[in-house]
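Position 191, counted from 1, in the sequence shown is what this note's numbering calls 191; the numbers after and before it change by one each time, with no gaps.
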Amino acid sequence: MPTVLACLQERAPGERRVALTPETARKFAALGASVWIEPGAGKAAAFADADYAGVERRPREAILEAADLLLCVQSPEAAELARMKPGATLVGLLAPYRADEREAVLDARRLTAFAMERLPRTTRAQSMDVLSSQAGMAGYKAVLLAAQLSPRFFPMLSTAAGTIRPSKVLVLGAGVAGLQAIATARRLGAQVEGFDVRPETREQIESLGGRFLDLGVSAAGRGGYARELSAEERALQQQRLAEHLRGVDAVICTAAVPGRPAPRIIDAAMVAGMRPGSVVVDLAAETGGNCELTRPGETIEHAGVVLAGPLNLASSGALHASEMYARNLLNFVGLFLKDGTLAFDWNDDLLTGSCWRRPQG
Ligand code: NAD
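Right, here's the structure in full:
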């Protein structure tokens with residue numbers, strides 16, 4: 001029997017992405033898998049059932065019972081994991097840090113679970129890096145949201161009714177999402193500045209046509225990531241940033257430190273000091289927000305400043321986000337799906353790094 005590789009319709013509220021696209025379904029079949037999909041799984045991402053040529057459409061229950069390898073965007077709930085085929089494998093953004101009953105269920109069913117957010121971010125893993133591919137979409141959408149919420153044009157305009165000066169956009173955090181935000185805001189014609197505590201981002205920001213905002217703080221950490229700032233570094237950053245924010249029209253917040261709540265960078269007093277009509281889009285809302293006033297999932301107004309805390313922005317670009325996500329999974333699964341069967345090399349750091357649960361003994 002060839003490996004049954006399957007994909008369910010996502011059930012998390014607001015989730016529009018799908019883990020299997022018609023393109024990757026074809027490629028998985030070429031790797032020898034028997035590919036199944038729940039009817040309607042791709043619909044919210046604009047993939048019709050009929051687009052999945054050669055893929056078997058099976059009801060959700062049948063998939064849970066028979067799939068050897070289940071691909072997902074977000075993790076199914078524990079009650080569904082408890083109905084999965086014993087010994088099966090699950091791959092997706094499983095949020096392993098969420099302490100809940102899923103661990104016990106996975107272990108009891110002897111399931112192997114790969115949490116893609118734990119994939120080591122090495123050069124070999126780049127084509128499998130879902131955090132990067134999804135952050136790109138989120139950064140892009142964050143700028144479009146800011147432009148939509150702003151009462152100003154982003155580009156400079158010379159019109160018969162006078163000249164409009166370009167908006168000033170500040171991007172906090174110049175990782176994958178931040179750099180995409182900088183590029184997008186530039187394409188919309190804004191004057192863009194980027195700030196990050198990793199000094200190497202200066203060159204990356206400048207290469208995209210942005211200006212590096214130098215607040216005199218540097219905090220390069222291990223593995224290319226940032227470390228947490230000391231109290232003195234933070235105070236200096238805050239004071240200089242507060243002054244600077246008075247002249248900014250839109251702020252896109254993307255600063256993050258892996259495994260920790262998002263750094264608090266903008267406090268209420270800084271927001272109060274901003275010009276009315278300014279906009280803050282806080283992409284870090286999911287991990288608490290870079291802005292003290294951010295309410296995850298809401299858009300509010302404070303002292304004339306609009307503050308948006310969007311959740312799961314990547315899902316709002318579901319078609320391309322799914323295409324990239326599904327290719328990331330195809331490349332990852334290619335590490336252990338060979339000639340239609342699953343074989344894990346537990347000496348491979350990409351497998352051990354991303355593995356959340358696997359049967360013991
Ligand atoms: P992230 O989402 O964890 O963080 C976003 C950004 O916030 C980072 O650039 C970080 O330096 C910045 N930040 C943290 N605290 C801050 C603060 N107090 N003030 C301002 N900025 C702050 O990171 P990410 O976007 O997922 O990745 C960051 C970097 O990791 C990438 O730009 C890249 O250099 C590296 N990376 C490498 C690979 C690879 O294949 N080697 C893959 C992905 C990422």
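Just so it is clear, CB atoms sit at the ideal spot from N, CA and C, and this is done for glycine as well.
Only a predicted model underlies this, so the values are computations on that prediction, with no experimental measurement involved.
Item                                                                                                                                                                                    : Value
Give every residue of the same chain whose Cβ lies closer than 6 Å to the Cβ of Gln237, excluding the five residues on either side of it in the sequence, and list them in chain order. : Leu215 and Val217
If we call anything under 8 Å between Cβ atoms a contact, is Ser316 one with Lys141?                                                                                                    : yes
Which word fits Tyr325, buried or exposed, when buried means at least 16 other C-beta atoms lie within 10 angstroms of its C-beta?                                                      : buried
Using only the heavy atoms of ligand 1, determine whether one of them is closer than 7 Å to the beta carbon of Leu172.                                                                  : yes
What did DSSP end up calling Ile265 once you bin it into helix, strand or coil?                                                                                                         : coil
Under 8 Å between the Cβ atoms of Ile37 and Leu20?                                                                                                                                      : yes
Going straight from the alpha carbon of Glu23 to that of Gly194, what length do you get?                                                                                                : 36 Å
Using a Cβ-Cβ cutoff of less than 8 Å, which residues in the same chain neighbour Ala33 once the five nearest sequence positions on both sides are dropped?                             : Pro2, Thr3, Val4, Leu5, Leu69, Leu337 and Gly340
What does DSSP give as the partner residue(s) for Gln159 in the beta ladder?                                                                                                            : Note that residue 159 is Thr in the sequence shown here, rather than Gln. The partner list for Thr159 (beta bridge, DSSP) reads Gly162.
Chain B beta carbons: is any one of them nearer than 8 Å to that of Gln9?                                                                                                               : In the structure shown, chain B does not exist; there is a single protein chain.
Identify whether Leu170 lies in helix, strand or coil by the three-state DSSP scheme.                                                                                                   : strand
Looking at the structure shown, is Phe336 part of a helix, part of a strand, or coil, going by DSSP?                                                                                    : coil
Of the choices Asp51, Val55 and Arg17, whose alpha-carbon is the least far from that of Val73?                                                                                          : Arg17
Tell whether a beta-carbon distance below 8 Å holds between Gly175 and Thr122.                                                                                                          : no
Taking the alpha-carbon of Leu350 as reference, which of Thr201, Ala115 and Pro199 has the nearest alpha-carbon?                                                                        : Ala115
Do you know whose CA, among Leu245, Thr294 and Cys291, lies nearest Pro276's CA?                                                                                                        : Leu245
What is the rounded straight-line gap between the Cα of Leu106 and the Cα of Ala53?                                                                                                     : 32 Å
Quick check on this structure: which residue in Met270, Leu329, Arg240 and Glu286 has the alpha carbon closest to the alpha carbon of Pro258?                                           : Glu286
Below 8 Å on the Cβ atoms is my guess for Ala66 versus Lys85; work out the distance and round it to an integer in Å.                                                                    : 6 Å
Helix, strand or coil: which one does DSSP assign to Arg357?                                                                                                                            : strand
With a cut-off of 8 Å on the beta carbons, I'd call Arg118 and Trp346 a contact; round off their distance for me.                                                                       : With 8 Å as the limit, Arg118 and Trp346 do not qualify as a contact, their Cβ atoms being about 15 Å apart.
Look at Tyr281 and Leu170 and say whether their C-beta atoms are less than 8 Å apart.                                                                                                   : Before going further, note that residue 281 is Val rather than Tyr in the sequence given. Against a cut-off of 8 Å, the Cβ pair of Leu170 and Val281 comes out as no contact.
For Glu193, name the three-state secondary structure that DSSP assigns.                                                                                                                 : strand
Under a Cβ-count criterion, where at least 16 other Cβ atoms within 10 Å of its own Cβ denotes burial, should Ile300 be classed as buried or exposed?                                   : exposed
Counting only runs that start and end within the region 207 to 291, where is the alpha helix (DSSP H) found for 4 or more residues in a row?                                            : 231 to 245 and 268 to 273
Count the other C-beta atoms from every protein chain shown that fall within 10 angstroms of the C-beta of Asp196, then say buried if there are 16 or more, exposed otherwise.          : buried
From this set, Ala318, Asn331, Leu335 and Arg102, which residue's C-alpha is nearest Ala45's C-alpha?                                                                                   : Ala318
Excluding the 5 residues flanking Arg202 on each side, which residues of the same chain have their C-beta closer than 7 Å to its C-beta?                                                : Phe212
Figure out for me which residue from Met270, His320, Ala160 and Ala284 has the closest Cα to the Cα of Val305.                                                                          : Met270
Indicate, with yes or no, if ligand 1 has a heavy atom lying under 7 Å from the CB of Gly374.                                                                                           : In the structure as shown, the chain begins at 1 and stops at 361. Residue 374 is therefore absent and cannot be evaluated.
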